[in-house]
Amino acid sequence: MKKFFLLLIIVVFTIFTYAHASDREKIAVLPFDNLSNESNVIKMITPELKQRLKDRGLYVINEDVLSDFLCDKRGRSAGYISKEIARKVGGELGAKTILAGAVVSFSSEGIPNVGILARLIDSSTGVILWADYASVSGDDYSMAFGLGTIKKIEDLVPKALDKLFASFSTDISKKNTESVYRIAVMPFRNKSGNPNSGMITTYMFLVKLLKDPAFEPVEYGDITKAYVELRIRNKSGLEFKNIKALSEALGTYGILLGSVDDYSYGTNASSVSKVGITARLLDARENKILWYNSLQLSGEEDTVAFDWGSVKQVDKLAYKAVSELVENMGKLKWY
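The sequence shown begins at 576 in our numbering and counts up by one.
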């Protein structure tokens, strides 16, 4: 009799758990791209990240189920997803949205720092619904005499995720579709000494363009898919025929190209972080440059006194540069 009641309790609990899960909106979390200089950071961040989603009432699809599915569909890529694969994830796994992103900085030595960016993609349309970037350092929480400084990376990761998800929303964008300008961001050419600076900058432009009411960025997975289908090898130095073909394949006239000319870390007290980015927006219909700008920033430019106000993390400085470039681009009245 006891075994019968125990079995009954297990069955009821299982049914209740399944029913509760089926009521929640499902989300698929893609493997994040590790663009930092340290390995194994994804394993540390992913569980914390998924918990943030669960705390918001979302049902996170099992990692192994998603991994096997993506391998079967040949769509397993870190950091991005195409519209085609997104629709399959939605249709066959029931995910309404898909989270993609990257860790752009991570250091546990000295004063720790973490930089993360993420995008939420609608599985039915492949459109980016939400995107943001967060970067924190242990000394961001310092008070007088160094009190409050976070010295352990394990204590800093939750702070970075809290900041990242502060703006999180699964709602459809309320931008004016008639006036919004759709832009495809090509991989930025890397002319700096950092091997990942081009991809970091590309992802940052996606975040800032989505935040601007004038623009709608194309999800990067669709761009990589178009490159493969059109057999374009040189991703950063495009010929006009390739630009036109990409424009037609992606359904957009705006093509953003550029380069990262400098991406230097401030390695000690006597050196500062430096960033240099050049960008230009092309109209693929008429093969003309609509906008062009180049920006160089130094981490010491906003320093007040005793190093206060200086930007020590190069990814934070890069995001500031990207923000200024997008703001400048948005002032023009060509769209």
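C-beta atoms are modelled at their ideal positions from N, C-alpha and C, and glycine is treated no differently.
None of these values were measured; they are calculated from a predicted model.
- Query: By the 10 Å Cβ neighbour count, where 16 or more other Cβ atoms means buried, how is R764 classified, buried or exposed?
  - Reply: buried
- For V732, which of helix, strand or coil comes out of DSSP? helix
- Should G632 be labelled buried (16 or more other beta-carbon atoms within 10 Å of its own) or exposed? exposed
- Is the number of C-beta pairs between the stretch 707–714 and the stretch 657–666 that are closer than 8 Å three or more? no
- Item | the stretch 763–780 in contact with the stretch 675–687 per 3-pair CB rule at 8 Å | yes
- Going by other Cβ atoms of all chains shown within 10 Å of its Cβ, with 16 needed for buried, is P770 buried or exposed? exposed
- Message: Determine whether the beta carbon atoms of L628 and V689 lie at a separation below 8 Å.
- Response: no
- Task: Return no unless some Cβ of chain C is closer than 8 Å to the Cβ of G833.
- Result: In the structure shown, chain C cannot be found, because there is only a single protein chain.
- Decide if Y840 is buried, meaning its Cβ has at least 16 other Cβ atoms within 10 Å, or exposed. buried
- Message: Out of T621, L865, D639, A789, which one is the CA nearest neighbour of Y756?
- Response: A789
- How many angstroms separate the CA atom of V753 from the CA atom of K783? Before going further, note that residue 753 is Glu rather than Val in the sequence given. Near 20 Å, if we compare the C-alpha coordinates of K783 and E753.
- Coarse secondary structure for K889, derived from DSSP in three states: It is worth fixing the name first, because residue 889 is Val in this sequence and not Lys. Reduced to three states, the DSSP call for V889 is helix.
- Where does F881 fall in DSSP's three states? The predicted position of F881 is uncertain, since its pLDDT is 42 and thus under 50; no value can be drawn from it.
- Whole-angstrom C-beta distance between K800 and E667, which should lie under 8 Å: Cβ-Cβ separation between E667 and K800: approximately 19 Å, too far for a contact (criterion under 8 Å).
- Message: Taking the alpha carbon of N612 as the reference point, which residue from E899, D890, N903 has its own alpha carbon closest?
- Response: D890
- Task: Keeping to the same chain, check which residues put their C-beta closer than 6 Å to that of L892; ignore five residues upstream and five downstream.
- Result: The beta carbon of L892 lies closer than 6 Å to those of S848, V850, L872, G874, V886 in the same chain, with the five residues before and after it left out.
- Query: Between which two residues does the beta strand (DSSP E) carrying F681 extend?
  - Reply: Run containing F681: 672–682, per the beta strand (DSSP E) assignment.
- Item | Nearest neighbour of K895, chosen from Y838, K618, W866 [CA to CA] | Y838
- Query: Near M904, which residues of its chain fall below 6 Å by C-beta distance, leaving aside the five closest residues on each side in sequence?
  - Reply: W866
- So who's on the other strand from E667, going by DSSP bridges? Answer is none; E667 lacks a bridge partner.
- Item | R860 versus L831 - alpha carbon distance | 14 Å
- Query: Fully enclosed by the stretch 829–855, which beta strand (DSSP E) runs are 3 residues long or longer?
  - Reply: 829–839
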